[in-house]
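Colleague:
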Amino acid sequence: MSNEHTLSAALAFLHAHEGAELAPAMTSLTTRCIDHLVEQNSISLEVAQDLTMQAWGELSASGHRAYIDCNKTTSYTLFLIDDQGTQHTLTIAQLLKLLSAAIERP
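The letter at position 68 of the sequence shown is residue 48 when you use the numbering used here, and the numbering goes up by one with no holes.
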């Protein structure tokens, strides 16, 4: 089964269950989706995790015009275009600092 087809399966699963748990604490829903993909599509846990997070990103971005400019983004610099079309740039160091601050919050 192709990753594109499995990504569609992940999107369908998350969309079908979104009313139950579309919140910052998404662990239970994503875990259920990962398990579902592994069981139903005979893919590895790692592939299922990646596809689930890709699907989560797609689903949570609906209704927004913001996006990541993949043509400019590198392994160390993220180019983000916000809803108004303004470009923002974040380095890996800045992203790690933001991540650390988010994890430390209660």
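Every residue, glycine too, gets a C-beta built ideally from N, C-alpha and C.
Everything numeric in this text was worked out from a predicted model, so none of it was measured.
Tell me whether A(-11) is buried or exposed, calling it buried when 16 or more other Cβ atoms sit within 10 Å of its Cβ.
Modeller: What you label residue -11 is simply residue 9 of the sequence shown in a count that begins at 1. Result: buried.
Colleague: Decide if A28 is buried, meaning its Cβ has at least 16 other Cβ atoms within 10 Å, or exposed.
Modeller: Here residue 28 refers to the residue found at position 48 when the sequence shown is read from its first residue. Per the 10 Å Cβ criterion, buried.
Colleague: Hey, is the stretch 9 to 22 in contact with the stretch 31 to 45, meaning 3+ C-beta pairs nearer than 8 Å?
Modeller: Counting Cβ pairs under 8 Å, three or more are found: they touch.
Colleague: Using the Cα positions of L(-6) and W36, report the straight-line distance between them to the nearest angstrom.
Modeller: For the purposes of this step, residue -6 is identified with residue 14 of the sequence shown, where counting begins at 1. For the purposes of this step, residue 36 is identified with residue 56 of the sequence shown, where counting begins at 1. Answer to the nearest angstrom: the Cα atoms are 7 Å apart.
Colleague: Per the DSSP calculation, Y56 is bridged to which residue(s)?
Modeller: Here residue 56 refers to the residue found at position 76 when the sequence shown is read from its first residue. Its beta-bridge partners do not exist; DSSP assigns none.
Colleague: What are the boundary residues of the beta strand (DSSP E) that T69 is part of?
Modeller: As a working mapping, residue 69 is identified with position 89 in the sequence shown. Its beta strand (DSSP E) spans residues 67 to 71.
Colleague: Could you tell me the boundaries of the alpha helix (DSSP H) in which S22 lies?
Modeller: For the purposes of this step, residue 22 is taken as the residue at position 42 of the sequence shown. Neither: S22 is in no alpha helix (DSSP H) and is coded neither H nor E.
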